[in-house]
Amino acid sequence: MPSILILNGPNLNLLGTRQPEVYGRETLEMVEQSCKDHAVKLGLTVECLQSNHEGILLDAIHDARDTHSGLVLNAGAYTHSSIALMDAIFSVELPAVEVHLSNIHAREEFRQKSYISKAVIGQICGFGSFGYLMALDALARRLLPTRGPGA
Ligand code: DQA
Numbered sequence: 018m019p020s021i022l023i024l025n026g027p028n029l030n031l032l033g034t035r036q037p038e039v040y041g042r043e044t045l046e047m048v049e050q051s052c053k054d055h056a057v058k059l060g061l062t063v064e065c066l067q068s069n070h071e072g073i074l075l076d077a078i079h080d081a082r083d084t085h086s087g088l089v090l091n092a093g094a095y096t097h098s099s100i101a102l103m104d105a106i107f108s109v110e111l112p113a114v115e116v117h118l119s120n121i122h123a124r125e126e127f128r129q130k131s132y133i134s135k136a137v138i139g140q141i142c143g144f145g146s147f148g149y150l151m152a153l154d155a156l157a158r159r160l161l162p163t164r165g166p167g168a
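Offset between the sequence shown (1-based) and our numbering: plus 17.
Pasting the structure below:
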């Protein structure tokens, strides 16, 4: 069964209480559980990791090359600043999907630039936690073409 690494970056550990009007009321634990439940239906397994530290996220992406078949990444504010995370995704050559809970294109100008988007299959934003499930659908279609949704 292909395994997907779901990576969440800085401040996403505060989901549920952090600006709920922007990021929703679900906790990260709830979002991760929904991903695990959805993955089972798709024939995927998932591992979830959150870190507030760029280096830990980088190491996790590097390690994923040998242990996972794809990545789902919400890099939080590092999205808008981290050339290192972009380079890491390019380097490991795993299919990756970028997720944001909020619609970053409808927010402040500094959020509208994503370095991550240059290295991924596609970006999903603005759909809240449902975006993570859509990202898993996209990876299932890529990795299990005969089992993905609609196949
Ligand atoms: C975010 C959007 C980023 O701009 C912000 O820094 C976050 C969360 C989102 O999920 O909408 O931390 O990635």
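The C-beta atom is built at its ideal place from N, Cα and C for all residues, glycine as well.
Just so you know, these numbers come straight off a predicted model, no measurement behind them.
Would you tell me roughly how many angstroms separate the C-alpha atoms of Val-33 and Glu-46, rounded to the nearest one?
Note on residue identity: the sequence assigns Gly, not Val, to residue 33. When rounded, the separation of the alpha-carbon atoms in Gly-33 and Glu-46 is 10 Å.
Do Ala-136 and the ligand DQA come close, with the Cβ less than 7 Å from some heavy atom?
Not one heavy atom of the ligand DQA falls within 7 Å of the beta-carbon of Ala-136.
Mind the definition here: the segment 122–135 touches the segment 87–98 only if three or more C-beta pairs lie below 8 Å; say whether that holds.
Output reads yes: the segment 87–98 touches the segment 122–135.
For the ligand DQA, is there a heavy atom less than 7 Å away from the beta-carbon of Thr-96?
Correct: Thr-96 has its Cβ closer than 7 Å to the ligand DQA.
Are Val-109 and Ala-152 touching if we call contact CB-CB under 8 Å?
Taking 8 Å as the cut-off, the beta carbon of Val-109 is found no closer than this to the beta carbon of Ala-152.
Here's a check: name, in chain order, each residue in its chain whose Cβ is nearer than 8 Å to the Cβ of Ile-21, leaving out the five neighbours to either side.
Taking Ile-21 as the centre and dropping the five residues before and after it, the same chain places the C-beta of Ala-56, Leu-61, Thr-62, Val-63, Glu-64, His-85, Ser-86, Gly-87, Leu-88, Val-89, Leu-153, Leu-156 closer than 8 Å to its C-beta, in chain order.
Cβ-based burial, Met-103 [other Cβ within 10 Å; buried from 16]
With a threshold of 16 other beta carbon atoms within 10 Å, Met-103 meets it and is buried.
Taking just the CA atoms, how far does Leu-150 sit from Ala-168?
In this prediction, Ala-168 has a pLDDT of 45, which is less than 50 and means its spatial position is unreliable; nothing more can be read from the coordinates.
Unbroken alpha helix (DSSP H) run spanning His-85, endpoints:
First-last for His-85: undefined, no H or E at that position.
What is the residue span of the beta strand (DSSP E) that Ser-20 lies within?
Going by DSSP, Ser-20 is part of the beta strand (DSSP E) stretching over 20–25.
Would you mind stating whether Ser-146 and Val-48 have Cβ atoms separated by less than 8 Å?
Cβ atoms of Ser-146 and Val-48: closer than 8 Å.
Let me check you understand the geometry: is the CB of Ile-141 closer than 7 Å to at least one non-hydrogen atom of the ligand DQA?
A distance criterion of 7 Å places the beta-carbon of Ile-141 beyond contact range of the ligand DQA, judged by its closest non-hydrogen atom.
Is Ile-121 near the ligand DQA, with its Cβ less than 7 Å from a heavy atom?
It does: the Cβ of Ile-121 is within 7 Å (strictly closer) of some heavy atom of the ligand DQA.
Just confirm the distance between the C-beta atoms of Ile-138 and Ala-113, as a whole number of angstroms; I'd bet it's less than 8 Å.
About 7 Å; that satisfies the 8 Å criterion.
Exposure label - Ala-81; buried when at least 16 CB within 10 Å:
The residue is buried, with at least 16 neighbouring Cβ atoms inside 10 Å.
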